[in-house]
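The opening residue of the sequence shown carries number 346 in my numbering; numbering runs sequentially from there.
Worksheet: the structure to be examined is printed underneath.
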Amino acid sequence: MNDLILSVHGLARSFNRRLVFKDLDFSVAAPGSLAITGKNGAGKSTLVKILAGIASPTKGRVTYTADGKAVDADALRERMGFVAPYLNLYEEFTAWENLAILGRIRTGTVPSAEQIGDTLRRVDLWQRRDDLVAGFSSGMKQRLKYAMAILDAPAILFLDEPTANLDADGIAIVETVVRDQQRHGILILATNDESEASWCRERIHLAGRGTDARP
Ligand SMILES: Nc1ncnc2c1ncn2[C@@H]1O[C@H](COP(=O)(O)OP(=O)(O)OP(=O)(O)O)[C@@H](O)[C@H]1O
Ligand SMILES: [Mg+2]
């Protein structure tokens, strides 16, 4: 998937009658990165989910092109990574099995042992590869979410609250993933942490109209 471009036109989202954001227009081209910032409730997670195609906008549209041609939702899903607090792992399977299952779902074939092993080593979970995820600490689960997201070098990587539950070593792993991703593909990162936002080349700040609006 070469020359991937994400474009957003006139995007708005409301829940019931509460407006979260409106009139968003921007684009991000690979290689590149965008930080989405704003206070609690500003709409960062809502926007990330809409960009990833797992939630719908109230108005406007999100389009992807690669090599100048439209990319459909299925093709995008296979080439996308997503790390967020609200995404769940398969708790009753081991770390290794989680990667094997995900690879199978995404591409129809189980990834090679080498690919799974390399990915687990990148997030420093190799020693715990055969342990059930249910017994993992929250930081270990966050590391495994990264392994799931980077397993097949995604064309676009979405990170919502990228360093949640991570220690200093874990944050260093995230910084490496972030650097690699924006060198090759697109990185979209939602955060209210200024130093995390500064990892990205571009930024969109959500002012939280929905909560600040006064009649
Ligand atoms: N499923 C939903 N139903 C109703 N309202 C929702 C829903 N999801 C989000 N909202 C509302 O949309 C607004 C934006 O929420 P969102 O989770 O996108 O904010 P955020 O910027 O990610 O905040 P945080 O920094 O706390 O993660 C909030 O007012 C929230 O209550
Ligand atoms: Mg959020």
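All C-beta atoms, glycine included, are put in the ideal place defined by N, C-alpha and C.
Looking only at G426, K394, L477, V468, the smallest Cα-Cα distance to E437 is reached by L477. Any heavy atom of ligand 1 counts here; residues with a Cβ closer than 5 Å to one of them, in chain order, are F360, V365, N385, G386, A387, G388, K389, S390, T391. At a threshold of 7 Å, A535 counts as near ligand 2, since its beta carbon sits closer than that to one of the ligand's heavy atoms. For R358, the enclosing beta strand (DSSP E) has its first and last residue at 350-360. When Cβ pairs closer than 8 Å are counted between the two stretches, the region 419-426 is seen not to touch the region 366-386, the count staying below three. Closest in C-alpha terms to V428, from the list K486, A513, A387, comes K486.
Taking 7 Å as the cut-off, the C-beta of D505 counts as close to a heavy atom of ligand 2. For K486, no beta strand (DSSP E) encloses it; the enclosing alpha helix (DSSP H) starts and ends at 483-495. Of the candidates L369, G383, Y409, T403, Y409 places its Cα closest to the Cα of I501. Separation of W544 and A415 (C-alpha to C-alpha, rounded to the nearest whole angstrom) is 28 Å.
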